[in-house]
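J.:
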Amino acid sequence: MPNPVVGGRLKPLMLSGLLAVCVITKLEVLFSARDPAGYERDAAHLDGDFRQLPVDERVQDRALEVQALLASKSQHRGVGPMDLLIAACAEVHGVGLLHYDRDFDLVAAVTGQPSLWVVPPGSVP
């Protein structure tokens, strides 16, 4: 983990097998890799230490439903498509959403799904 505060929060959860990712989260994490070695290290970490959740038709349908719910409150432009899919994936598979992104607060407000900041907002530079 690049940030020690975030790493300290995630490590016990990871060691307990409590963390999961979907392909969209993996793509976002791997996008941030600074070099080929970092990419390979991060990919191996994500594949080996996290449960993998599929992004299937149910997830796609739920993301569209949530976007419509947000649109009914004129908030649909506040949450990007990838965050909608990540949140829908967590909800469909019955897992909580551990994040560092205000977009997920908007989603949780309309879905009621469990959502928790990995560390307090503003604490990561």
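Residues in the sequence shown are numbered from 193 upward in steps of one, following this note's numbering.
Where is the CB? At the ideal position from N, CA and C, for every residue including glycine.
These figures come from a predicted structure and were not determined experimentally.
For H291, is the classification buried or exposed, using 16 other Cβ atoms within 10 angstroms of its Cβ as the cut-off for buried?
T.: Classification of H291: buried, given that the 10 Å Cβ count is 16 or more.
J.: Report the three-state DSSP secondary structure of R243 (helix, strand or coil).
T.: Three-state DSSP puts R243 in a strand.
J.: Spatial neighbours of V287 within its chain, please: CB distance less than 6 Å, with the 5 preceding and 5 following residues excluded, ordered by chain position.
T.: If we look at V287 and ignore the five residues flanking it on each side, its Cβ neighbours are A212.
J.: With 16 as the cutoff for other CB atoms within 10 Å, does A279 come out buried or exposed?
T.: Counting Cβ neighbours within 10 Å, A279 comes out buried, since at least 16 surround it.
J.: Quick check: the Cα distance between P196 and L210, rounded to an integer number of angstroms?
T.: So the alpha carbons of these two residues sit roughly 19 Å apart.
J.: Report the three-state DSSP secondary structure of H285 (helix, strand or coil).
T.: In the structure shown, H285 sits in coil (DSSP, three-state: anything other than H, G, I, E or B).
J.: Thinking C-alpha only, which one of K265, R294, A300 is nearest A282?
T.: For the residues K265, R294, A300, the minimum Cα distance to A282 belongs to A300.
J.: Quick check: what's the CA-CA separation for F242 versus Q267?
T.: When rounded, the distance between both Cα atoms is 31 Å.
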